[in-house]
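Line by line, the protein sequences are chains A and B. Read in order, the letters of the first sequence correspond to residues 2 to 118 in the working numbering. Read in order, the letters of the second sequence correspond to residues 147 to 241 in the working numbering. Here is the structure we will look at.
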Amino acid sequence: MDILVIILLAFGFLFFLGGAVGIIRMPDFYSRLHPAGKLDTLGIMAMVGGLALYNLHHFSLGTVLLSIKMMLIVFFVFMSSPTATHSIVDAGMRAGLRPWTRKPKNNTIQPRETGKE
Amino acid sequence: MNTFFLIVAMGLCLLMFLSLYRCLFGPTVLDRLVGVNAIGSKTVVLLLLIGFLYERVDMFVDIALAYAFLNFVAVIAASRYFHKRKGLYEESFMD
Numbered sequence: 002m003d004i005l006v007i008i009l010l011a012f013g014f015l016f017f018l019g020g021a022v023g024i025i026r027m028p029d030f031y032s033r034l035h036p037a038g039k040l041d042t043l044g045i046m047a048m049v050g051g052l053a054l055y056n057l058h059h060f061s062l063g064t065v066l067l068s069i070k071m072m073l074i075v076f077f078v079f080m081s082s083p084t085a086t087h088s089i090v091d092a093g094m095r096a097g098l099r100p101w102t103r104k105p106k107n108n109t110i111q112p113r114e115t116g117k118e
Numbered sequence: 147m148n149t150f151f152l153i154v155a156m157g158l159c160l161l162m163f164l165s166l167y168r169c170l171f172g173p174t175v176l177d178r179l180v181g182v183n184a185i186g187s188k189t190v191v192l193l194l195l196i197g198f199l200y201e202r203v204d205m206f207v208d209i210a211l212a213y214a215f216l217n218f219v220a221v222i223a224a225s226r227y228f229h230k231r232k233g234l235y236e237e238s239f240m241d
């Protein structure tokens with residue numbers, strides 16, 4: 002059972018690492034929300050699931066209830082994280098932030114000026 | 147197993163510093179909000195790991211649950227605040 006806990010923790014840590022790198026490297030605010038929302042949710046699910054499995058070493062009623070409470074944290078994060086992401090995107094759209102577009106090449110049509118009036 | 151938990155906790159602290167870069171130097175206010183949200187979601191796992199290290203998991207589970215709820219409420223409140231405010235766009239492209 003320890004092997005499974007170690008695998009789950011490493012899996013979740015890998016997803017957290019991907020989320021942090023994505024938050025730093027992505028070019029735009031909207032594309033930064035994608036790793037921040039998704040990969041953190043899956044990282045929390047794997048890591049807290051692994052910890053809840055580790056908690057069942059001494060099998061009794063108290064530890065089972067504690068593991069159920071940890072899974073309730075996972076359930077709450079699964080509910081709240083898409084809501085928070087949607088709310089941030091909504092605030093960005095209403096404030097008028099334009100999405101990022103790729104820089105044009107030399108011989109193409111110049112797009113409109115991106116927000117730098 | 148405690149050593150492994152300690153190593154994972156230190157790695158999570160490193161990842162929180164990586165996300166703190168986006169909080170400090172984010173070009174817009176909403177970028178900083180994204181960084182704060184990412185740090186908060188890592189803190190939930192970190193609190194559980196601290197609970198296992200100190201062998202007081204029954205107390206730290208409640209703290210982690212309250213922290214997840216507070217993180218959610220903070221992000222929702224801040225984004226609702228920027229619904230109403232229009233000055234975000236002019237400040238954000240100073241480069």
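Here a beta-carbon is modelled for each residue, glycine too, at the ideal position from N, C-alpha and C. Everything numeric in this text was worked out from a predicted model, so none of it was measured.
Notebook entry, point to check: If we count Cβ pairs, one from each stretch, closer than 8 angstroms, do we get three or more for the stretch 45-59 of chain A versus the stretch 162-171 of chain B?
Noted result: no
Checklist line | Interfacial residues, the stretch 159-170 of chain B to chain A, with Cβ spacing under 7 angstroms | finding: 161, 164, 165, 167, 168
Notebook entry, point to check: What does residue 182 (chain B) reach in chain A if we use C-beta pairs closer than 9 angstroms?
Noted result: Position 36 of the second sequence, counting from 1, holds the residue named residue 182 (chain B). The contacting residues do not exist; residue 182 (chain B) stays about 10 angstroms from chain A at best.
Note to self: Only counting the same chain, and skipping five residues up and downstream in sequence, which positions put a Cβ closer than 8 angstroms to that of residue 33 (chain A)?
What the structure shows: Taking the first residue of the first sequence as position 1, residue 33 (chain A) is located at position 32. 23, 24, 27, listed in sequence order.
Item checked: residue 212 (chain B) versus residue 147 (chain B) - alpha carbon distance -> As a position in the second sequence, residue 212 (chain B) is number 66, starting the count at 1. As a position in the second sequence, residue 147 (chain B) is number 1, starting the count at 1. If you take the alpha carbons of residue 212 (chain B) and residue 147 (chain B), they lie about 26 angstroms apart.
Check: Does the beta carbon of residue 150 (chain B) sit closer than 8 angstroms to a beta carbon anywhere in chain A?
Finding: Taking the second sequence and counting its residues from 1, one reaches residue 150 (chain B) at position 4. By this cut-off, residue 150 (chain B) is an interface position.
Check: Can you give the Cα-Cα distance for residue 191 (chain B) and residue 76 (chain A), rounded to whole angstroms?
Finding: Along the second sequence, one-based indexing puts residue 191 (chain B) at 45. Along the first sequence, one-based indexing puts residue 76 (chain A) at 75. For residue 191 (chain B) and residue 76 (chain A), the distance between alpha carbons rounds to 14 angstroms.
Checklist line | Terminal residues of the alpha helix (DSSP H) in which residue 98 (chain A) lies | finding: As a working note, residue 98 (chain A) is residue 97 in the first sequence. Segment: none, residue 98 (chain A) is in no alpha helix (DSSP H) and carries neither H nor E.
Margin query: Using only CA atoms, which one of A:62, A:61, A:52, A:60 lies nearest to residue 203 (chain B)?
Written below: Taking the first residue of the second sequence as position 1, residue 203 (chain B) is located at position 57. Closest in alpha carbon position to residue 203 (chain B), among A:62, A:61, A:52, A:60, is A:52.
Notebook entry, point to check: Would residue 103 (chain A) be called buried (16 or more neighbouring beta carbons within 10 Å of its own) or exposed?
Noted result: For this step, residue 103 (chain A) is matched to residue 102 along the first sequence. Burial call: exposed.
Item checked: Residues that residue 112 (chain B) contacts on chain A, provided the C-beta gap is smaller than 7 angstroms -> Nothing can be reported for residue 112 (chain B): it is not among the residues displayed for chain B, which extend from 147 to 241.
Next item on the list: Take residue 229 (chain B) as the anchor and find which of A:80, A:98, A:73, A:72 has the nearest alpha-carbon.
Entry: Position 83 of the second sequence holds residue 229 (chain B). Out of A:80, A:98, A:73, A:72, A:98 has the C-alpha closest to the C-alpha of residue 229 (chain B).
Notebook entry, point to check: Residues in its own chain within less than 7 angstroms of residue 189 (chain B) by CB, not counting five upstream and five downstream?
Noted result: Within the second sequence, numbered from 1, the residue matching residue 189 (chain B) stands at position 43. Counting only Cβ-Cβ distances below 7 angstroms, and skipping sequence neighbours, we find 213.
Notebook entry, point to check: Taking the C-alpha atoms as reference points, what is the distance between residue 236 (chain B) and residue 201 (chain B)?
Noted result: By 1-based counting over the second sequence, the position of residue 236 (chain B) is 90. By 1-based counting over the second sequence, the position of residue 201 (chain B) is 55. Confidence at residue 236 (chain B) is low in this model, with a pLDDT of 49, below 50, so the placement of that residue should be treated as unreliable; the coordinate-derived value is given next. Distance between the alpha carbons of residue 236 (chain B) and residue 201 (chain B) is about 50 angstroms.
Notebook entry, point to check: residue 151 (chain B) to residue 196 (chain B), Cα distance in whole Å?
Noted result: Mapped onto the second sequence, residue 151 (chain B) falls at position 5. Mapped onto the second sequence, residue 196 (chain B) falls at position 50. Each residue's alpha carbon lies about 9 angstroms from the other.
Next item on the list: Can you tell me which of A:93, A:96, A:50 puts its alpha carbon nearest to the alpha carbon of residue 72 (chain A)?
Entry: Looking up residue 72 (chain A) in the first sequence gives position 71. Considering only alpha carbons, the answer is A:50.
Notebook entry, point to check: Which full runs of the alpha helix (DSSP H) of 4+ residues lie inside the stretch 147-208 of chain B, going along the chain?
Noted result: Runs found: 148-171, 175-200.
Margin query: Just to confirm the assignment, what range does the alpha helix (DSSP H) spanning residue 35 (chain A) have?
Written below: Stepping through the first sequence from its first residue, residue 35 (chain A) is reached at position 34. Counting along the chain, the alpha helix (DSSP H) containing residue 35 (chain A) begins and ends at 30-55.
Next item on the list: Report the three-state DSSP secondary structure of residue 79 (chain A) (helix, strand or coil).
Entry: Residue numbering aside, residue 79 (chain A) sits at position 78 when the first sequence is read from its first letter. Three-state result, residue 79 (chain A): helix.
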